[in-house]
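Listed in order, the protein sequences are those of chains H and U.
Under the numbering used here, the first residue of the first sequence is numbered 1, with each subsequent residue one higher.
Under the numbering used here, the first residue of the second sequence is numbered 347, with each subsequent residue one higher.
Cβ coordinates follow ideal geometry from the N, Cα and C atoms, glycine included.
Note sheet for the following structure.
Number of protein chains: 2
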Amino acid sequence: MTEPKVVRMTAPTLRDVAQLAGVHPATASRALNPQTRPLVNADTARKVLRAAESIGYQPNPIARSLKTARSSTVGLVIPDLTNPLFPPIVRGIEDVLTPAGYNAWIVNTDNDPGREEAQVESLRSRQVEGLIVATARREHPLLTRLHQQGVRMVLVNRRVDGLELPSVAADDDAGIALAVAHLIALGHTRIAHLAGPQQTSTGVSRARAFRHALIDNGLPDDPALIVECRYWSETEGAQALRKLLDSGAEFTAIVAGNDLIALGCYDVFAERGLTCPDDMSVIGFNEMPFLDKMRPPLTTVAIPHYEIGGEAARLLLDTLDDPERHPRSVLLAPSLVVRASTGPPK
Amino acid sequence: MTEPKVVRMTAPTLRDVAQLAGVHPATASRALNPQTRPLVNADTARKVLRAAESIGYQPNPIARSLKTARSSTVGLVIPDLTNPLFPPIVRGIEDVLTPAGYNAWIVNTDNDPGREEAQVESLRSRQVEGLIVATARREHPLLTRLHQQGVRMVLVNRRVDGLELPSVAADDDAGIALAVAHLIALGHTRIAHLAGPQQTSTGVSRARAFRHALIDNGLPDDPALIVECRYWSETEGAQALRKLLDSGAEFTAIVAGNDLIALGCYDVFAERGLTCPDDMSVIGFNEMPFLDKMRPPLTTVAIPHYEIGGEAARLLLDTLDDPERHPRSVLLAPSLVVRASTGPPK
DNA sequence: AGCCGGGCCGCAATCGTTTGCGATGTGATG
DNA sequence: CATCACATCGCAAACGATTGCGGCCCGGCT
């Protein structure tokens, strides 16, 4: 004899819990929320919790968001997920956000300010409580506006000129110093720099660090040996190197703004019949995946992606916790990974 | 004489629009929604639209979701964003979802069923209208349960045994046939297969295709030349190849289940002093980024990632449109990219 | 003139929570 | 015994949109 069991198609709501526990929804709400639980009798709280448990109640985040104007969600603004730099960072972010009860909304901007604006707008309308932004440019009207409007955010990898925002990045100075020292130790004296876009703080700070490193090592700071790439991409790296070679400048080693730019050089080596590292040493930045399997394996400055993500998430959580807190910024120490793309000059 | 201008800190709501246009919020709602616009007088609709425009009204998606139990959002369930296979697919998905007015929520499962369950639960509580799932295993209790509950979804790259779900993937048979034909044309007759995990449909279908391809070419189907990897990873690939070499089996070429497995072979080549392709040819699957810069550049079967993503999104949109529609599945044609990891046997 | 049928629009309920406020009961206190 | 403080809980109003239902008006018809 099977009793007809009523199956409810819709998820159990707070009212259901309340009814089952024999209390008012308001009481159930207070009992369920650890913050307000002291406001209800311990016994009734227990009853409510048991009822909720028994019917598998899950609070509806949408209704909650509507009422509280919060969402337990933060937005991640990424220029391009396809860039292997970002996935590990995202991973680090999620791994600290999740235990804290937050979720992350990932959006791609394709480096397009228009798309970026639309995406951020969409995030805001979904009541995200804060933003982790990896698309900052030195001049960034959108970010300054958001900051004025009191949107909580933290920057990763890059910063905005004149904006006091919490940020986390690798220590570019230290990283570039490592790279240059390595090349000098190998015997190089004429070293070029394929700089990243100077619209990004990282681009300028690495370029500046490069010149400082030369000077610190008693080498001349020759502007003819620095070329700017318009994007952090392989094709731009290749383009820049061609320009440099065509200029007739003499050099035996290259410090690239990042790994992609360095990999772009490989294409040019092939075109021009140069062998690496015999004719030309090159060193990247970021330690993206699979560099060890490249031809030749790329020497690079490794940065702790995962930790950068985690630290960014922690900074954001701090900010959400206490919006008045003075913005901290953290720099994480890079390290040098020597592979086969660097060697003594011929 | 500056008039005191009242600035509202909170975003304009539908009531504001209605008030400004001199109509009831209900009318404003109908006017704003193209679906219901015919229900209101064209003039008043114009007035409402103008009012909305003038104060920059953006509908609150949270309130809308609460009322309508919809969200214009779909969930993307990815095993691991760090795998370079997925970002381009995600990109393809987003590029068709966005014009259709949908957004994508990306979640990582780390190949962990527990995490997967939690993530999917979180997606559902946020009222996602459908799921695009890239984590399917052949036995997948979670997915079968979701399917029974009527959750709309489409599978990418992999399928679930006995479940009639829309799916999109590369044509494994064709791809493997291409790979095997290439090796045979080079003169190889003893070809090994480092198969992907046999819990995944892709793992078995590629393995099956491999054996069929051998037979079709009049070669023996030798079980000793097939080893299964437990994961689609470099380390597993390396492990499998070591096992195969240690077994004493003789072969001159390898068809790897995917690129990562193939790259794992490179490590073993180095360990054992084998040179590729002279001692051993190897061919991958997927055409992940940067393979052209590997040592040696990896021959592989290229699949149209971006299109796969786009097609998956289209299938999901179809399903959302008409849930009764018979599940379509699409296979996209792969192509062979010949590089330097394959050559004639010694 | 009376009636009918649209077209157009407003009323109010609703989605599932949260939360200020007030009601109730209890025990302690003067 | 009256008063008061306090703990506990219920009432009801939000949050911002959508939508069934019904009312009004106006033009056309008999």
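Inset, instruction - Excluding the 5 residues preceding and the 5 following Thr204 of chain H in the sequence, name in chain order all residues of the same chain whose CB lies nearer than 6 Å to its CB. - result: Before going further, note that residue 204 of chain H is Val rather than Thr in the sequence given. Cβ neighbours of Val204 of chain H beyond the five flanking positions: Gln198.
Legend entry - Cutoff 8 Å; reference Asp456 of chain U; Cβ partners in own chain excluding five residues on either side: Pro425 and Asp426
Legend entry - Euclidean distance between Cα positions of Arg392 of chain U and Glu399 of chain U: Between Arg392 of chain U and Glu399 of chain U, the C-alpha separation is close to 10 Å.
Legend entry - Contacts around Ile254 of chain H, its chain only, beta-carbon distance under 8 Å, and the 5 residues preceding and following it disregarded: Ile191, Ala192, His193, Leu194, Leu241, Ala262, Cys265, Met280, Ser281, Val282 and Ile283
Legend entry - Unbroken beta strand (DSSP E) run spanning Ala516 of chain U, endpoints: Ser513 to Ala516
Inset, instruction - Go through its chain and collect everything with a Cβ distance to Gly533 of chain U's Cβ below 8 Å, but skip five positions before and after it. - result: Non-local beta-carbon contacts of Gly533 of chain U in its own chain, meaning distances under 8 Å to residues more than five positions away in sequence, involve Pro690 and Pro691 in chain order.
Legend entry - Reduced DSSP category for Thr44 of chain H - H, G, I as helix; E, B as strand; rest coil: helix
Inset, instruction - Counting only the same chain and skipping the five closest in sequence on each side, list residues whose C-beta sits under 8 Å from that of Leu219 of chain H. - result: Ile184, Thr189 and Ile191
Legend entry - Cβ neighbours of Arg343 of chain U in the same chain (closer than 8 Å, five flanking residues each side left out): It is not possible to answer for residue 343 of chain U, since the shown part of chain U is limited to 347 through 692.
Inset, instruction - Using the DSSP secondary-structure output, state which residues sit across from His369 of chain H in a beta bridge. - result: Look at the range of chain H in this structure, 1 to 346, and you will see that residue 369 of chain H is not part of it.
Inset, instruction - Mind listing the chain H neighbours of Ala409 of chain U? Cutoff is C-beta to C-beta under 7 Å, in chain order. - result: Leu66
Legend entry - chain H contacts made by the region 415-430 of chain U, where a contact means CB separation under 7 Å: Shown in chain order are the members of the region 415-430 of chain U whose Cβ falls below 7 Å from a Cβ of chain H: Leu427, Thr428 and Pro430.
Legend entry - Beta carbon proximity, Arg641 of chain U to chain H, threshold 7 Å: yes
Inset, instruction - Could you tell me the distance, in whole angstroms, from the CA atom of Thr181 of chain H to the CA atom of Ser579 of chain U? - result: Before going on, a small fix: residue 181 of chain H reads as Ala here, not Thr. Distance between the alpha carbons of Ala181 of chain H and Ser579 of chain U: 35 Å.
Inset, instruction - Quick one: list the residues of chain H neighbouring Gln404 of chain U, beta-carbon separation under 8 Å, in chain order. - result: Listed along chain H are Glu121 and Ser125, each with a C-beta nearer than 8 Å to that of Gln404 of chain U.
Inset, instruction - Go ahead and label Thr275 of chain H buried or exposed: buried means 16 or more other beta carbons lie within 10 angstroms of its beta carbon, across all protein chains shown. - result: With fewer than 16 other Cβ atoms within 10 Å, it is exposed.
Inset, instruction - Locate the alpha helix (DSSP H) running through Val474 of chain U, then write down its first and last residues. - result: Note, Val474 of chain U: premise wrong, no alpha helix (DSSP H); not H, not E.
Inset, instruction - On a CA-only basis, which of H:Gln35, H:Pro34 and H:Ala28 is nearest Thr44 of chain H? Give me that one, please. - result: H:Ala28
Legend entry - Alpha carbon of Gly402 of chain U to alpha carbon of Asn604 of chain U, nearest angstrom: The C-alpha of Gly402 of chain U lies about 50 Å from the C-alpha of Asn604 of chain U.
Inset, instruction - Write down the C-beta distance between Ala51 of chain H and Ala21 of chain H rounded to the nearest angstrom, noting that I regard them as a contact closer than 8 Å. - result: 4 Å
Inset, instruction - Within the region 418-487 of chain U, note down every full beta strand (DSSP E) run reaching 3 residues or more, in order along the chain. - result: 419-424, 449-454 and 476-479
Inset, instruction - Please name the residue or residues paired with Phe285 of chain H in a DSSP beta bridge. - result: H:Val301
Legend entry - Residues, ordered as in the chain, of the region 102-120 of chain H that lie near chain U by beta-carbon distance below 7 Å: Asn103, Trp105, Ile106 and Asn108
Inset, instruction - Could you work out which residue in U:Ser468, U:Arg504, U:Leu511 and U:Val420 is closest to His672 of chain U when comparing CA atoms only? - result: Comparing Cα-Cα distances from His672 of chain U to each of U:Ser468, U:Arg504, U:Leu511 and U:Val420, the minimum goes to U:Leu511.
Inset, instruction - Following the continuous beta strand (DSSP E) through Leu274 of chain H, name the residue where it begins and the one where it ends. - result: Note, Leu274 of chain H: premise wrong, no beta strand (DSSP E); not H, not E.
Legend entry - Rounded straight-line distance, which links the Cα of Glu633 of chain U to that of Thr688 of chain U: 15 Å
Inset, instruction - Could you name the residues that DSSP lists as bridge partners for Arg332 of chain H? - result: Looking at the sequence shown, residue 332 of chain H is not Arg but Leu. Leu332 of chain H is bridged to H:Ala170.
Legend entry - Closer than 7 Å at the beta carbon, the chain U residues around Val90 of chain H: Leu427
Legend entry - Per-residue burial, Asp321 of chain H [other beta carbons within 10 Å of its own, 16 or more giving buried]: exposed
Legend entry - CB contact flag (Leu315 of chain H, Gly130 of chain H, <7 Å): no
Inset, instruction - Taking C-beta pairs closer than 7 Å, name the residues in chain H that Tyr577 of chain U reaches, listed in chain order. - result: Here the premise fails: no neighbours, minimum Cβ distance about 16 Å.
Inset, instruction - Name the two residues that bound the continuous alpha helix (DSSP H) containing Leu39 of chain H. - result: The continuous stretches of alpha helix (DSSP H) do not include Leu39 of chain H, and DSSP gives it neither H nor E.
Inset, instruction - Look at Ile522 of chain U and Ala559 of chain U and say whether their C-beta atoms are less than 7 Å apart. - result: yes
Legend entry - Where Leu565 of chain U falls: helix, strand or coil (DSSP): coil
Inset, instruction - Output yes or no for whether 7 Å exceeds the beta carbon distance between Ser681 of chain U and Ala648 of chain U. - result: Here Ser681 of chain U is near Ala648 of chain U, since their CB atoms are less than 7 Å apart.
Legend entry - Interface partners of Pro141 of chain H on chain U, CB under 7 Å: By Cβ distance, chain U contributes nothing, its closest Cβ being about 17 Å from Pro141 of chain H, past 7 Å.
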